[in-house]
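Report on the structure given below.
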């Protein structure tokens, strides 16, 4: 079945749910890759489905597909995919209590993968820790797209995913497959990364019949409140109440760069006020024209005090409002007004 360019490195197949993988050497490109095939040829349609999904996916956090192996009539017999040689996450719960940043980093990368997939119209349908692994460079990647869907009107006859990760609506006949189902599975991943055992209500079939799942903070008390609230929302029994992958990506990413921003206020090209982890509050007073006090909470720059008249990009400055990444502050309402510019740095998440 394999073209001559691929040489098996072992006769042993690594079994999976419906198929198996085998490490092979690509003699053209001199690298080790994986050959994936199905246990039963009747399930080869899953391979074709995986080809379609992976060819549409454009994400740093999705396993790469390199080649498609077909028979003489063009039917898919196997695929060649990237070999992920880094760590897995099945036992990460042992590390999570002492490594909250590592926990957030893992979830952030899963959220990146889901955000990219959902933007491309792909629902993975089998998000679980066993389908996550790092590349040799330490980038977490999602794999196994055999039961993914790319059609908005797809409805399931049988639930072929992993039951503990299955959203409540999947227990209904003819359930429409959509992205909130992946988000529910993401919420289960958040628990599985944090604890060796899931709460009993999440093991019910359907889940949460006897009550609502406890907050993830019961497993990881040091989690930031806003992160815990969003992770808890992933397990909402009502799909419309679950957050999007994009919102998960945004909040988790924000916490990974917490306290890394620098905010600069420049007045008259001479007076400079800086906000950062080292200096978290600034009070700017321009003569009798106005006063503005701003604080930095590690995530955003927030207005704490305003003595009229102060404007942000020509709109009145409001206590509690967040400053834009760059803006012009106007002190004074009439003649004699003075201007102060504000700009924030844009730190990047380092993976």
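In our numbering, the protein residues as written are 268 to 618.
Just so you know, even glycine gets a beta-carbon here, dropped at the ideal spot from N, CA and C.
Could you pull the DSSP bridge partners for residue i from this structure?
| i | result |
| --- | --- |
| residue 568 | 563 |
| residue 400 | 355, 408 |
| residue 395 | Per DSSP, none; premise fails for residue 395. |
| residue 553 | 557 |
| residue 282 | 287 |
| residue 530 | 542, 611 |
| residue 577 | 598 |
| residue 390 | 416 |
| residue 548 | 562 |
Using a Cβ cut-off of 8 angstroms (strictly closer), state whether residue i contacts chain D.
| i | result |
| --- | --- |
| residue 531 | Looking at the structure shown, chain D is missing, and only one protein chain is on hand. |
Are residue i and residue j touching if we call contact CB-CB under 8 angstroms?
| i | j | result |
| --- | --- | --- |
| residue 559 | residue 582 | no |
| residue 516 | residue 375 | yes |
| residue 394 | residue 453 | yes |
| residue 603 | residue 576 | no |
| residue 569 | residue 561 | yes |
| residue 352 | residue 300 | no |
| residue 468 | residue 533 | no |
| residue 702 | residue 482 | This structure leaves residue 702 out entirely; the chain is present only between 268 and 618. |
| residue 318 | residue 346 | yes |
| residue 502 | residue 510 | no |
| residue 528 | residue 543 | yes |
| residue 387 | residue 312 | no |
| residue 408 | residue 355 | no |
| residue 541 | residue 557 | no |
| residue 320 | residue 412 | yes |
| residue 291 | residue 269 | yes |
| residue 328 | residue 406 | yes |
| residue 336 | residue 322 | no |
| residue 693 | residue 377 | With the chain represented from 268 up to 618, any question about residue 693 goes unanswered, as that position is not in the structure. |
| residue 518 | residue 499 | no |
Residue i: buried (16+ other C-beta within 10 angstroms of its C-beta) or exposed?
| i | result |
| --- | --- |
| residue 613 | exposed |
| residue 433 | buried |
| residue 330 | buried |
| residue 552 | exposed |
| residue 398 | buried |
| residue 255 | In the structure as shown, the chain starts at 268 and stops at 618, and residue 255 therefore has no counterpart that could be examined. |
| residue 438 | exposed |
| residue 472 | exposed |
| residue 505 | exposed |
| residue 597 | buried |
| residue 447 | buried |
| residue 403 | exposed |
| residue 617 | exposed |
| residue 357 | exposed |
| residue 495 | buried |
| residue 536 | exposed |
| residue 554 | exposed |
| residue 304 | buried |
| residue 573 | buried |
| residue 601 | exposed |
| residue 480 | buried |
| residue 277 | exposed |
| residue 297 | exposed |
| residue 272 | exposed |
| residue 295 | exposed |
| residue 546 | exposed |
With DSSP collapsed to three states, give me the class of residue i.
| i | result |
| --- | --- |
| residue 272 | coil |
| residue 426 | A caution first: residue 426 carries a pLDDT of 49, below 50, which makes its placement in the model too unreliable to give a value. |
| residue 302 | strand |
| residue 293 | strand |
| residue 541 | strand |
| residue 479 | coil |
| residue 506 | helix |
| residue 513 | helix |
| residue 442 | coil |
| residue 501 | coil |
| residue 487 | coil |
| residue 449 | helix |
| residue 466 | coil |
| residue 471 | coil |
| residue 535 | coil |
| residue 455 | helix |
| residue 433 | coil |
| residue 421 | Since pLDDT at residue 421 reaches only 46, below the 50 mark, its modelled position is unreliable, and the value read off the structure follows with that caveat. Residue 421 falls in the coil class under three-state DSSP. |
Can you find a heavy atom of the ligand NAD that lies under 7 angstroms from the Cβ of residue i?
| i | result |
| --- | --- |
| residue 581 | For the ligand NAD, the structure offers nothing, since it holds no ligand at all. |
Q: Ignoring anything shorter than 3 residues or poking outside the segment 583-617, list the beta strand (DSSP E) runs there in chain order.
A: 593-598, 605-611
**Q.** alpha helix (DSSP H) runs wholly inside the segment 307-383, at least 4 long, in chain order
**A.** 311-323
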